[in-house]
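In the working numbering, the protein residues as written are 10 to 288.
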Amino acid sequence: MKLVRFGAAGAEKPGLIDADGKVRDLSGVVPDIAGDVLGRAGLERLRALDPKSLPLAPEGSRFGACVGRVGNFIAVGLNYADHAAESGMAVPAEPVLFNKAPSCIVGPDDTVLIPRGSEKTDWEVELAVVIGERASYVSEADALNYVAGYCVCNDVSERAYQIERGGQWTKGKGCPTFGPIGPWLVTTDEVDPGNLAMTLSVNGELVQNGSSSTMVFKVPFLVHYISQFMALEPGDVITTGTPPGVGMGMKPPRYLKAGDRMEVSIAGLGTQRQQVAAA
Ligand code: ZN
């Protein structure tokens, strides 16, 4: 199943993509793609529907973030050996975790804003995991039973705020619009998270071309690992790190400027298209 949220920002309705690729309106069935709707029982209920019985969404509707009311938005740093190398950092012995502010979440095609005073705003294509069931102290073997599905995330990052301003990475990771997620939440039955082609282009130039197969810490381990430190709730999002090709790693480094266009894709999970503007 491919679940979506469509409509104006702040007033999105839940929907699903039918066999013809059209958006069907789920607002008569569930209030949102969020919370308990993402659990095993909630997804079973949606799976039992005949999509053709649902009204079509208006043609050309905007996609919102594919999950509503995200509580925790956790990110994994340096989770690809080749990206760690381009960042001049060692592959960590245990996953690096940091928070992205949930208030940075936007739709997949919404404008990405360069923060005021920023000179080092950068891109990161990532596979994001959406939690479906409350996960606390789960084993690696059982971890995927707590996952609702997957989506594309652009972990937009301000490198000076992240690295040069003291303290933790959080400062450079949660600025408004730094978390486009979607277009679709694709349920676990349709995705092998361990082998997905991932690309990101800037102004039509391919800059990231990787695969989730080169992740250091894989999805089941990450869910298990994070659940040792916090309880993950339905609708929480974990973004799992980026393959190489970010602007910081280029020689010389290259950063986003107003007017740039990003295209962010993961095989089977869809494509995001963002224009960049000044905040
Ligand atoms: Zn990242």
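Don't be surprised by glycine CBs; every beta carbon is placed ideally from N, CA and C. Everything numeric in this text was worked out from a predicted model, so none of it was measured.
Terminal residues of the beta strand (DSSP E) in which residue i lies
i	result
isoleucine 140	134–140
leucine 106	105–108
threonine 280	279–287
glycine 23	First, the amino acid is wrong: residue 23 is proline here, not glycine. Segment 22–26, the beta strand (DSSP E) holding proline 23.
alanine 276	Alanine 276 -> no beta strand (DSSP E), and no H or E assigned at all.
phenylalanine 187	No beta strand (DSSP E) contains phenylalanine 187, which DSSP labels as neither H nor E.
leucine 12	11–15
serine 220	214–220
serine 210	206–211
valine 195	194–196
For residue i, three-class secondary structure by DSSP
i	result
lysine 182	coil
tyrosine 155	helix
serine 96	coil
cysteine 113	helix
isoleucine 83	strand
tyrosine 89	strand
lysine 61	helix
serine 36	coil
glutamate 167	strand
valine 46	helix
threonine 120	coil
aspartate 131	strand
glycine 258	helix
threonine 248	strand
Per-residue burial, residue i [other beta carbons within 10 Å of its own, 16 or more giving buried]
i	result
methionine 259	exposed
glutamate 135	buried
lysine 11	buried
tyrosine 146	exposed
arginine 168	buried
proline 124	buried
glutamine 237	exposed
glutamate 291	It is not possible to answer for residue 291, since the shown part of the chain is limited to 10 through 288.
lysine 61	exposed
glutamate 53	exposed
methionine 207	buried
aspartate 119	buried
leucine 283	In the sequence as presented, leucine is not what sits at residue 283; that position holds glutamine. That one is buried.
asparagine 212	exposed
asparagine 88	buried
glycine 19	exposed
methionine 224	buried
methionine 98	exposed
arginine 33	buried
glutamate 133	buried
arginine 14	buried
alanine 50	exposed
proline 299	Residue 299 is absent from the structure shown; the chain starts at 10 and stops at 288.
Boundaries (first-last residue) of the alpha helix (DSSP H) holding residue i
i	result
glycine 234	Contrary to the premise, residue 234 reads as tyrosine rather than glycine in this sequence. Tyrosine 234 -> alpha helix (DSSP H) spans 228–235.
arginine 54	49–56
Whole-Å CB distance - residue i paired with residue j, under 8 Å assumed
i	j	result
valine 195	glycine 277	6 Å
glutamine 281	valine 161	6 Å
proline 189	proline 117	5 Å
valine 228	glycine 254	The Cβ separation is near 21 Å, so there is no contact.
methionine 351	aspartate 91	With the chain represented from 10 up to 288, any question about residue 351 goes unanswered, as that position is not in the structure.
leucine 58	valine 38	7 Å
glycine 77	isoleucine 26	With a Cβ gap of about 17 Å, glycine 77 and isoleucine 26 do not count as contacting.
leucine 106	valine 85	6 Å
valine 232	valine 156	6 Å
glycine 48	proline 243	6 Å
alanine 150	leucine 241	Contact flag wrong, Cβ pair sits at about 17 Å.
Proximity test, residue i beta-carbon vs the ligand MN heavy atom, cut-off 6 Å
i	result
leucine 35	No copy of the ligand MN appears in this structure; the ligands present are the ligand ZN.
Short CB-CB distance (under 7 Å) between residue i and chain D
i	result
methionine 224	Note that chain D does not occur in the displayed structure, where there is just one protein chain.
(request) Go through the residues and name those whose CB comes closer than 5 Å to any heavy atom of the ligand ZN, in chain order. (result) Glu133, Asp164, Thr251
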